[in-house]
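Undergrad:
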Amino acid sequence: MWLLAGFVAATVLIALIGLVAVRSTARGFAKRTDGLKQLLIASQSQANDAAPVLPDIVRSYAVKAGGREGASTVFHARHRATLQTAKGARPIDIEADQWTGILVPGIVWTARGRMSGLPVSVFDAFVEGHGELSARVLGAFQVAGGSGADYDKGELMRYLSELPVYPDAILNLRGVDWRQIDDATVSVTARSATGEATVRFYFDPSGDIVRMEADDRPMETRGTTVHIPWHGVYSRYAQFGRHRIPSYGEVGWVLPDGLFVYWRGEVISYDPGGGEP
4 MWLLAGFVAA TVLIALIGLV AVRSTARGFA KRTDGLKQLL IASQSQANDA
54 APVLPDIVRS YAVKAGGREG ASTVFHARHR ATLQTAKGAR PIDIEADQWT
104 GILVPGIVWT ARGRMSGLPV SVFDAFVEGH GELSARVLGA FQVAGGSGAD
154 YDKGELMRYL SELPVYPDAI LNLRGVDWRQ IDDATVSVTA RSATGEATVR
204 FYFDPSGDIV RMEADDRPME TRGTTVHIPW HGVYSRYAQF GRHRIPSYGE
254 VGWVLPDGLF VYWRGEVISY DPGGGEP
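Position in the sequence shown (first residue = 1) + 3 = the working numbering.
1) Comparing C-alpha positions only, which one of 155, 175, 76 and 254 sits nearest to residue 52?
2) Measuring CB atoms only, is the segment 255-274 touching the segment 70-81, in the sense that at least three cross pairs come out at less than 8 Å?
3) Could you give the distance in angstroms between the alpha-carbon of residue 166 and the alpha-carbon of residue 133?
4) Spatial neighbours of residue 263 within its chain, please: CB distance less than 6 Å, with the 5 preceding and 5 following residues excluded, ordered by chain position.
5) Kindly indicate which three-state DSSP category residue 211 falls into: helix, strand or coil?
6) Nearest to residue 253 by alpha carbon, out of 266, 112, 65 and 42?
7) Below 8 Å between beta carbons: does that hold for residue 111 and residue 159?
8) For residue 224, count neighbouring Cβ atoms within 10 angstroms of its own Cβ and tell me buried if that reaches 16, exposed if not.
9) Is it right to say residue 235 is buried, meaning 16 or more other beta carbons lie within 10 angstroms of its own, or is it exposed?
10) Do you know how far the Cα of residue 117 is from the Cα of residue 270?
11) Report the rounded CA-to-CA distance for residue 282 versus residue 128, giving the unit in angstroms.
12) Taking the beta strand (DSSP E) that residue 48 belongs to, which residues open and close that run?
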């Protein structure tokens, strides 16, 4: 009897210690995301380069979309989306908040969802030239993520791909190089702490951006990283205050057996003054 009581007490103690550890790790995760947001806001004061020289087709798009020079330095948006982690996997419904730099490339994205019935938290960031990703179950157990040169490139590409949704960034962003390829195609290039990243945008006859491509976004597969083509589409242009932006998008990898769309999402709120903590 005393032995059983001691076993039960020890089991309860171990469970309590585990719960405390999980909560402590979860608090550390939340603290990290808050710290990244603060760094993102602070980084916007480091815009020392001259304003970009924009192809006419890009400037026309940004102006038509409601972009302004001298706008707020960080925007906040909220998304609702489905994320598919692998072909054949069940899509995960998520809601996310995103803070986007307007003067200096930078993004912090935090998402919440459920995987196999358990709460999942994710942050995706590019701040001060570095990329970082972390996906955690219960806010504590990391199931995906990392940092380093491939994340620097991948997260910078992610930021650049978002520019059609942020026309103020198109007009104000420093340290980027725009090039017109033909009458309906442009590229934009920026540098991370470890190298360059480039994406291309494709315009329809009315001047809206409808597609994005990149040749070499890093993708993790089976414990290694490969650089493969990346593809996205923009649609459902909608008015959010003074901004007319694509409210829906899809993103996928161009694999040897075809396009795998892993992200389908919509903008549900858009706040040009949402950069303040």
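Glycine residues also receive a C-beta, built at the ideal position from the N, C-alpha and C atoms.
TA: Result, derived from the coordinates:
1) What you label residue 52 is simply residue 49 of the sequence shown in a count that begins at 1. If we check each option's Cα against that of residue 52, 175 comes out closest.
2) yes
3) In the sequence shown, counting from the first residue as 1, residue 166 sits at position 163. In the sequence shown, counting from the first residue as 1, residue 133 sits at position 130. Their backbone Cα atoms lie some 18 Å apart in a straight line.
4) The residue given as residue 263 occupies position 260 in the sequence shown. Excluding sequence neighbours, residue 263 sits near 90, 255 and 256.
5) Reading the sequence shown from its first residue, position 208 is the one you call residue 211. In the structure shown, residue 211 sits in coil (DSSP, three-state: anything other than H, G, I, E or B).
6) As a working note, residue 253 is residue 250 in the sequence shown. The shortest Cα separation from residue 253 among 266, 112, 65 and 42 belongs to 266.
7) Position 108 of the sequence shown, counted from the first residue, corresponds to residue 111. Position 156 of the sequence shown, counted from the first residue, corresponds to residue 159. Not a contact, by the Cβ cut-off of 8 Å.
8) Here residue 224 is taken as the residue at index 221 of the sequence shown, counted from 1. Exposed is the call here.
9) For this step, residue 235 is matched to residue 232 along the sequence shown. So residue 235 ends up on the buried side.
10) Locating residue 270 in the sequence shown gives position 267, counting from the first residue. Locating residue 117 in the sequence shown gives position 114, counting from the first residue. Their Cα atoms are separated by approximately 20 Å.
11) Shown here, the chain extends from 4 to 280; a query on residue 282 therefore has no answer.
12) By one-based count along the sequence shown, residue 48 stands at place 45. Run containing residue 48: none; DSSP gives neither H nor E here.
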